[in-house]
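Take a look at the structure set out below.
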Amino acid sequence: MIKKISIIGGDVRTIKLIEMLEKDKYEISTYGLEKNFTIPMNKCNTLQECVEGADIIIGPIPFSNEEDITTPFGNKKIKIQEFIEAAKGKIVVAGAIRQDIFEQAKEKQIEMIDIAKREEFAVLNAISTAEGAIQIAIKETSKNLHGNNILILGFGRVGKVLAKMLQGIGAKVACEARKNTDIAWIKAYGYEPIELVDLKENLHKYDIIINTIPYVVLEKEELQKVKKDALIIDLASNPGGVNREEVKEAGIKFVWALSLPGKVSPVTSAEFMKQTLDNIFKETK
């Protein structure tokens, strides 16, 4: 049964999550959050002290950058290897964990759980991402979204939620997909369907293009077809779906919007984390 929780690093979502976990009477220790003064005073002096005796460790979303754990509120950097050594034999829940870190963790008998890959969290998080994308679109354009021609690249979780929201405020929504089943659903929902093979010849029609595909689909050749006064928003994680050098060269307004849930709705995102963690805790009893 989960009683003692160690929380290492994290952003505003993590701070809100701690408050929720405290209400459920969990015993919480923290490290890598020293700069935030709103959390409980049981802040550990060392990483080893924090994880010792913990039933489960909660890490940040995203888990890391190139070499360090994500600790925007920490006094010092925590190396990935340092964390792996300290968490030996533990259960670790974090988000957007690289494959090489999974492999390192396995060698140390660490059970790594990527919360971002949990279906219940991913679906709920798509709501925050979609709202954040709309917020950016409103801020970065001089026209109403109502009546605007907007293309969404990809029809996964985020694409589905975003298309529905945009249609609800009166935008003319088109969705690109490569699967026949997705094209069929796009038609059923009343959006304009664009097959991937036909993408290039249709790009000139749209005022706003929002990418959700986690690999580059807009290269130089495609960007030459885009309106010069269009707005491109990329929601995909690294490397993104847009060639950033080429979009700059083309002079098209571009926003690469990473980790939107943590930026635009940290409290709601923390609530989604808490709901998913409750499920994980039940599964690890």
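Just so we're on the same page, our numbering is the position in the sequence shown counted from 1, plus 371. Every residue, glycine too, gets a C-beta built ideally from N, C-alpha and C.
So for residue i, helix, strand or coil by DSSP?
{"i": "residue 408", "result": "coil"}
{"i": "residue 444", "result": "coil"}
{"i": "residue 400", "result": "strand"}
{"i": "residue 425", "result": "coil"}
{"i": "residue 432", "result": "coil"}
{"i": "residue 540", "result": "coil"}
{"i": "residue 582", "result": "strand"}
{"i": "residue 389", "result": "helix"}
{"i": "residue 395", "result": "coil"}
{"i": "residue 648", "result": "helix"}
{"i": "residue 378", "result": "strand"}
{"i": "residue 520", "result": "strand"}
{"i": "residue 642", "result": "helix"}
{"i": "residue 438", "result": "coil"}
{"i": "residue 414", "result": "strand"}
Closest to residue i by C-alpha separation, out of the options, would be which residue?
{"i": "residue 481", "options": "426, 523, 445 and 622", "result": "426"}
{"i": "residue 629", "options": "376, 479 and 585", "result": "585"}
{"i": "residue 405", "options": "578, 417 and 475", "result": "417"}
{"i": "residue 655", "options": "572, 450, 464 and 457", "result": "464"}
{"i": "residue 489", "options": "468, 478, 452 and 477", "result": "468"}
{"i": "residue 504", "options": "438, 581 and 451", "result": "581"}
{"i": "residue 556", "options": "604, 440 and 527", "result": "527"}
{"i": "residue 603", "options": "383, 596 and 578", "result": "578"}
{"i": "residue 380", "options": "559, 523 and 446", "result": "446"}
{"i": "residue 568", "options": "554, 559 and 607", "result": "554"}
{"i": "residue 560", "options": "571, 573, 546 and 572", "result": "546"}
{"i": "residue 594", "options": "608, 572, 440 and 610", "result": "572"}
{"i": "residue 389", "options": "652, 645, 653 and 651", "result": "645"}
{"i": "residue 606", "options": "428, 497 and 444", "result": "497"}
{"i": "residue 475", "options": "487, 466, 456 and 486", "result": "456"}
{"i": "residue 563", "options": "597, 575 and 523", "result": "523"}
{"i": "residue 453", "options": "439, 566, 466 and 506", "result": "439"}
{"i": "residue 435", "options": "415, 473, 552 and 419", "result": "473"}
{"i": "residue 657", "options": "461, 437, 460 and 462", "result": "Since the first residue shown for the chain is 372 and the last is 656, residue 657 is missing from the structure and cannot be characterised."}
{"i": "residue 461", "options": "587, 609, 592 and 378", "result": "378"}
{"i": "residue 430", "options": "635, 611, 508 and 484", "result": "484"}
Could you give the C-beta distance for residue i and residue j, rounded to a whole number, given that I count them as a contact under 8 Å?
{"i": "residue 499", "j": "residue 385", "result": "About 15 Å; that fails the 8 Å criterion."}
{"i": "residue 633", "j": "residue 395", "result": "That belief does not hold up - the Cβ atoms of residue 633 and residue 395 are roughly 22 Å apart, past 8 Å."}
{"i": "residue 574", "j": "residue 597", "result": "5 Å"}
{"i": "residue 391", "j": "residue 641", "result": "7 Å"}
{"i": "residue 403", "j": "residue 442", "result": "4 Å"}
Grab me the residues of residue i's own chain with a C-beta within less than 7 Å of its C-beta, minus the 5 sequence neighbours each way, in chain order.
{"i": "residue 501", "result": "529, 532, 533 and 536"}
{"i": "residue 590", "result": "614 and 617"}
{"i": "residue 409", "result": "386"}
{"i": "residue 540", "result": "516 and 517"}
{"i": "residue 375", "result": "398, 424, 425 and 426"}
{"i": "residue 511", "result": "602, 624 and 626"}
{"i": "residue 667", "result": "Given that the chain is displayed from residue 372 to residue 656, the structure contains no residue 667 and the question cannot be resolved."}
Just to confirm my understanding: we take residue i, look at its own chain, exclude 5 residues before and 5 after, and list those with CB closer than 8 Å. What are they?
{"i": "residue 413", "result": "399, 400 and 401"}
{"i": "residue 514", "result": "578"}
{"i": "residue 622", "result": "599"}
{"i": "residue 558", "result": "564"}
{"i": "residue 458", "result": "422, 428, 476, 479 and 481"}
{"i": "residue 486", "result": "432, 464, 465, 466, 492, 644, 647, 648 and 651"}
{"i": "residue 552", "result": "none"}
Cutting at 6 Å between CB atoms, please list the residues of its own chain near residue i, excluding the five before and the five after it.
{"i": "residue 543", "result": "520"}
{"i": "residue 495", "result": "643"}
{"i": "residue 525", "result": "583 and 584"}
{"i": "residue 491", "result": "647"}
{"i": "residue 636", "result": "499"}
Start-end ranges of the beta strand (DSSP E) lying completely within the region 449-510, minimum 3 residues: The region 449-510 contains these whole beta strand (DSSP E) runs: 462-465 and 482-485.
Where are the beta strand (DSSP E) runs, 3 residues long or more, that stay fully inside the region 565-638, in chain order? Uninterrupted beta strand (DSSP E) stretches at least 3 residues long and entirely within the region 565-638 occur at 579-582, 602-605 and 624-627, given in chain order.
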